[in-house]
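What follows is a short report on a single structure.
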Amino acid sequence: MLGLKATMTIIDNSGALLAECVNVLKRKTGHGLATVGDEIVVVVQKARPVSAVASQSATALKIRRGDVRRAVVVRTKKEVIRPDGRKIRFDDNAAVLINTKKELLATRINGVVSADLRMKGWGKIASIAPKVM
Amino acid sequence: MATALLNRSLRRPGFLPSIARTLSTASASTSSATLPSTVPFVQNAIISPSAVVLQPPPRMDRILKGKGLMAHINQTLPSPQAKSLLDTLFNRSHPDRLLPGSVLSVTTQHAPTNFSGVLIGVRYKGPDTSFTLRNIIQRTGVEMTFMVCSPALKDIKVVHRAGGGGGRQGRRIRRAKLFYLRDQPAKMTAISTSIKRTQR
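Same order as they appear, the protein sequences are chains A and B.
By UniProt numbering, the letter at position 23 of the first sequence is numbered 23, and the numbering carries on one by one without gaps.
By UniProt numbering, the letter at position 120 of the second sequence is numbered 120, and the numbering carries on one by one without gaps.
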């Protein structure tokens, strides 16, 4: 249940560490809250310093504080109900950065992700993740 | 609606043999239940219970009025496997019930197929009974709630029973819901490492 001003950790190796939700995309409901597998627009609040090599290169991924990017929610603190009645709840909110073409910006993900990603069509993210619950 | 429920309960596997036993007129010495013989020229015809004319439950008229309907549904709706779980592990007054603080390992049909964790709460609601397990996976706390009567739930293994004795087993836990474990990472890491050790 992530809406405007919700903070989440970024669990890929793109360089961003913490992000704040600014908009929830493609959500037909009026309340505009994102759950696992929803695409959101985030502002990067904390990022790792961009390495000297990357800052000189034109093509390398440069994520800085204040960047506005898109992300996919992969873990929520609010429990998500599976079709057979099971519920899963994580201790924090987490997301991974993507581009407008729904491709991952980073190359690796570290941490658990929710298996509901597969049901929402993010099988690529679920396959890269080290642990899918 | 009540007739649909009745039809469903009559199709339960345990229902007909119990009727067959009550209708049997065989002596106590015979081991197998022989039914009253409707086959001519044969003394002890063993008629399969499926051939018995179905009798509705003794208080069907009450159930159709709605009296005792929920008790009837609670008895007949869960599958036999789920009913055995509800009668022993997830029964409020059974001596072998699972106390919060027990460590369980659950096998399910869908992903994740195996989940182990400490039982932090049981919600006793008859056929809707559910329980929550908590574990730390890759430095993130994960809680999963399972429905006891779900056919997707294949197996529940008790890794460590929470007892009341004290001593090596530890003091009795004085809560029904252990939500305080969410704020105690030290206790949770101890529990999760012990789970990992037992799984190896």
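Every residue gets a Cβ at the ideal spot worked out from N, C-alpha and C, and that includes glycine.
9 Å Cβ cut-off: residues of chain A touching Q81 (chain B): Translated into the one-based positions of the second sequence, residue 81 (chain B) becomes position 81. Correct list: empty, because the minimum Cβ distance to chain A is about 15 Å.
Within chain A, the residues that F41 (chain B) reaches when beta carbons sit closer than 8 Å: Residue mapping note: residue 41 (chain B) aligns to position 41 of the second sequence, counting from 1. Simply none; closest approach about 54 Å.
Stretch-stretch touch, CB-based, cutoff 8 Å, three pairs: the segment 96-109 of chain B with the segment 61-71 of chain B: No contact exists between the segment 96-109 of chain B and the segment 61-71 of chain B.
Below-9 Å beta-carbon distance, T132 (chain B) vs any chain A residue: On the second sequence, residue 132 (chain B) is found 132 positions in, with the first residue counted as 1. Interface with chain A (9 Å Cβ-Cβ cutoff): T132 (chain B) is included.
L104 (chain A) vs I125 (chain A) beta-carbon contact at 9 Å: One-based indexing of the first sequence puts residue 104 (chain A) at position 104. One-based indexing of the first sequence puts residue 125 (chain A) at position 125. Inclusion of L104 (chain A) and I125 (chain A) in the CB contact set at 9 Å is warranted, their separation being smaller than that value.
Alpha carbon of H94 (chain B) to alpha carbon of Q75 (chain B), nearest angstrom: For the purposes of this step, residue 94 (chain B) is taken as residue 94 along the second sequence, with counting starting at 1. For the purposes of this step, residue 75 (chain B) is taken as residue 75 along the second sequence, with counting starting at 1. Between H94 (chain B) and Q75 (chain B), the C-alpha separation is close to 17 Å.
Short Cβ contact (9 Å threshold) for R70 (chain A) with V142 (chain B): Indexing the first sequence from 1 puts residue 70 (chain A) at position 70. Indexing the second sequence from 1 puts residue 142 (chain B) at position 142. Result no, Cβ atoms of R70 (chain A) and V142 (chain B) do not sit closer than 9 Å.
Test: D12 (chain A) CB closer than 9 Å to a CB of chain B: Counting from one through the first sequence, the residue named residue 12 (chain A) turns up at place 12. Chain B, which has no Cβ nearer than 9 Å to the Cβ of D12 (chain A), makes this no.
L181 (chain B) (DSSP reduced to helix, strand or coil): In the second sequence, the residue the question calls residue 181 (chain B) occupies position 181. Looking at L181 (chain B) - three-state DSSP - the assignment turns out to be helix.
Residues in the segment 97-112 of chain B having any Cβ partner in chain A nearer than 9 Å: If the cut-off is 9 Å between Cβ atoms, the segment 97-112 of chain B has T108, Q109, H110, A111 and P112 near chain A.
Cutoff 8 Å; reference R65 (chain A); Cβ partners in own chain excluding five residues on either side: In the first sequence, residue 65 (chain A) corresponds to position 65, counting from 1. Its chain contains V44, Q45, K46 and A47 as the residues whose beta carbon lies nearer than 8 Å to that of R65 (chain A), once the 5 sequence neighbours on both sides are disregarded; these appear in chain order.
Check whether P130 (chain A) and Q138 (chain B) have beta carbons under 9 Å apart: Taking the first residue of the first sequence as position 1, residue 130 (chain A) is located at position 130. Taking the first residue of the second sequence as position 1, residue 138 (chain B) is located at position 138. Yes, these two residues count as a Cβ contact at 9 Å.
L4 (chain A) in three-state terms, based on DSSP: Position 4 of the first sequence holds residue 4 (chain A). L4 (chain A) falls in the coil class under three-state DSSP.
CA-to-CA distance, V159 (chain B) to Y180 (chain B), given in whole angstroms: What you label residue 180 (chain B) is simply residue 180 of the second sequence in a count that begins at 1. What you label residue 159 (chain B) is simply residue 159 of the second sequence in a count that begins at 1. Answer to the nearest angstrom: the Cα atoms are 21 Å apart.
Extent of the continuous beta strand (DSSP E) to which D84 (chain A) belongs: Within the first sequence, numbered from 1, the residue matching residue 84 (chain A) stands at position 84. Looking at the DSSP string, D84 (chain A) is not in any beta strand (DSSP E), and its letter there is neither H nor E.
Alpha-carbon to alpha-carbon, Q199 (chain B) and K157 (chain B): The residue you call residue 157 (chain B) lines up with position 157 of the second sequence. The residue you call residue 199 (chain B) lines up with position 199 of the second sequence. Approximately 12 Å, taken between the alpha carbons.
C-alpha distance - S130 (chain B) paired with N23 (chain A), whole-angstrom precision: Taking the second sequence and counting its residues from 1, the one referred to as residue 130 (chain B) is at position 130. Taking the first sequence and counting its residues from 1, the one referred to as residue 23 (chain A) is at position 23. For S130 (chain B) and N23 (chain A), the distance between alpha carbons rounds to 35 Å.
Inter-residue CB distance, P100 (chain B) and A45 (chain B) (contact presumed, cutoff 8 Å): For the purposes of this step, residue 100 (chain B) is identified with residue 100 of the second sequence, where counting begins at 1. For the purposes of this step, residue 45 (chain B) is identified with residue 45 of the second sequence, where counting begins at 1. In this structure P100 (chain B) does not touch A45 (chain B) by the C-beta definition: roughly 54 Å separates them, more than the 8 Å allowed.
Coil, strand or helix - S130 (chain B) by DSSP: Here residue 130 (chain B) refers to the residue found at position 130 of the second sequence. DSSP, read as helix, strand or coil, puts S130 (chain B) in strand.
Where R62 (chain B) falls: helix, strand or coil (DSSP): Translated into positions along the second sequence, residue 62 (chain B) becomes position 62. Judged by DSSP in its simplified three-state form, R62 (chain B) adopts helix.
Those residues which DSSP pairs with S116 (chain B) across a bridge: Start at 1 with the first residue of the second sequence, and residue 116 (chain B) comes out as number 116. DSSP output for S116 (chain B) lists B:S105 as bridge partner(s).
N-terminal and C-terminal residue of the alpha helix (DSSP H) that V53 (chain A) is part of: On the first sequence, residue 53 (chain A) is found 53 positions in, with the first residue counted as 1. Note, V53 (chain A): alpha helix (DSSP H), A52 to Q56.
Assigned secondary structure, H94 (chain B) (DSSP; H/G/I helix, E/B strand, else coil): For the purposes of this step, residue 94 (chain B) is identified with residue 94 of the second sequence, where counting begins at 1. In the three-state scheme derived from DSSP, where H, G and I count as helix and E and B as strand, H94 (chain B) is classed as coil.
Cβ-based burial, V68 (chain A) [other Cβ within 10 Å; buried from 16]: By one-based count along the first sequence, residue 68 (chain A) stands at place 68. V68 (chain A) is exposed by the Cβ-count criterion.
Proximal residues to G15 (chain A) (C-beta, below 6 Å), its chain only, five neighbours per side dropped: Indexing the first sequence from 1 puts residue 15 (chain A) at position 15. Contacts found: A47, R48 and I63.
Test item: CB-CB of R134 (chain B) and V148 (chain B) under 9 Å: In the second sequence, residue 134 (chain B) corresponds to position 134, counting from 1. In the second sequence, residue 148 (chain B) corresponds to position 148, counting from 1. With contacts defined as CB atoms closer than 9 Å, R134 (chain B) and V148 (chain B) fail to qualify as a contacting pair.
Pairwise C-alpha distance: G126 (chain B) and L86 (chain B): Position 86 of the second sequence, counted from the first residue, corresponds to residue 86 (chain B). Position 126 of the second sequence, counted from the first residue, corresponds to residue 126 (chain B). So the alpha carbons of these two residues sit roughly 8 Å apart.
For A190 (chain B), the three-state DSSP class (helix, strand or coil): What you label residue 190 (chain B) is simply residue 190 of the second sequence in a count that begins at 1. The DSSP-derived three-state label of A190 (chain B) is helix.
Of the listed residues A:N110, A:K120, A:I128 and A:S127, nearest to K26 (chain A) (C-alpha basis): As a position in the first sequence, residue 26 (chain A) is number 26, starting the count at 1. When C-alpha distances from K26 (chain A) are compared across A:N110, A:K120, A:I128 and A:S127, the shortest belongs to A:K120.
Under 7 Å from the C-beta of G85 (chain A): neighbouring residues of chain B: Position 85 of the first sequence, counted from the first residue, corresponds to residue 85 (chain A). Close to G85 (chain A), with beta-carbon spacing below 7 Å, are these residues of chain B in chain order: M147 and S150.
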